[in-house]
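Working notes, beginning with the structure itself.
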Ligand SMILES: *Cc1c(COP(=O)(O)O)cnc(C)c1O
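In our numbering, the protein residues as written are 1 to 233.
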């Protein structure tokens, strides 16, 4: 078995244990394999082990992998999720090549994604990134601006607002990890009580997936636990 296949099995076991601990079911949590910085061969290896959803942060790198996978495995049904920072002049290729975008934090970006989404692809799935760590993070909409942003994005014709995403400040204490994820869940509950049909909480990475699943994560974004340590150039 390849290292990636073995790592996927180990992550699968961790998710299984985490869902059982809180009496959730495995099917409520989607495993998103974050392949940023890894070559397309790593993606193909994970696909061979049954993985079907991949997250990428860097547009150019992602577009190359998406094109390669489409050529190498034209019949594969792979879901591509964009999870990196979005520059407003890069929305068109994101709208055309991805199934999900997790990192929308401004209405302007959402409007562009909606205008530029090719209609034949159907609506683009959207998560709003929320800054739940205050000054420790610069990314994400503030909790104060979230309700208005969510209502506006939900109106856009070629998007489907699915839920919220956060990258909390790193913490090694599980209680602290859970507190941050619980905040995101409460924000989502409030928006749902206000009438928005949200079904997604994108939260949890290699170091804190247990805590995220305990607090209701429906997508965990896992990179290094599957592909190994990243090396940036
Ligand atoms: C890199 C990245 C991940 C994966 O992080 P790991 O700690 O390697 O699991 C998840 N989400 C986002 C937004 C990322 O940028």
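Every residue, glycine too, gets a C-beta built ideally from N, C-alpha and C.
Computed from a predicted structure; not experimentally measured.
What distance in whole Å lies between the Cβ atoms of residue 226 and residue 220, which are believed to be in contact at a cut-off of 8 Å?
Along the chain shown, read from residue 1 onward, the residue named residue 220 stands at position 220. Along the chain shown, read from residue 1 onward, the residue named residue 226 stands at position 226. With 8 Å as the limit, residue 220 and residue 226 do not qualify as a contact, their Cβ atoms being about 11 Å apart.
Based on Cα-Cα distance, which residue from 59, 152 and 71 lies nearest to residue 95?
Walking along the chain shown from the start, residue 95 turns up at place 95. Closest option to residue 95, Cα to Cα, is 59.
Between the beta-carbon of residue 35 and the beta-carbon of residue 56, is there less than 8 Å?
Within the chain shown, numbered from 1, the residue matching residue 35 stands at position 35. Within the chain shown, numbered from 1, the residue matching residue 56 stands at position 56. Going by C-beta atoms, residue 35 is nearer than 8 Å to residue 56.
Could you have a look at residue 148 and say whether DSSP puts it in helix, strand or coil?
The residue you call residue 148 lines up with position 148 of the chain shown. Correct three-state label for residue 148: helix.
Pull the bridge partners of residue 56 from the DSSP assignment, please.
For the purposes of this step, residue 56 is taken as residue 56 along the chain shown, with counting starting at 1. Per DSSP, 82.
How many angstroms separate the CA atom of residue 228 from the CA atom of residue 151?
The residue labelled residue 228 in the question sits at position 228 within the chain shown. The residue labelled residue 151 in the question sits at position 151 within the chain shown. Rounded to the nearest angstrom, the two C-alpha atoms are 39 Å apart.
Looking at the structure shown, is residue 89 part of a helix, part of a strand, or coil, going by DSSP?
Locating residue 89 in the chain shown gives position 89, where the first residue counts as 1. Correct three-state label for residue 89: helix.
Just the Cα atoms here: how many angstroms apart are residue 193 and residue 186?
Residue mapping note: residue 193 aligns to position 193 of the chain shown, counting from 1. Residue mapping note: residue 186 aligns to position 186 of the chain shown, counting from 1. Going from the Cα of residue 193 to the Cα of residue 186 covers about 10 Å.
Distance, Cα to Cα, residue 141 vs residue 130?
Taking the first residue of the chain shown as 1, we reach residue 141 at position 141. Taking the first residue of the chain shown as 1, we reach residue 130 at position 130. When rounded, the distance between both Cα atoms is 5 Å.
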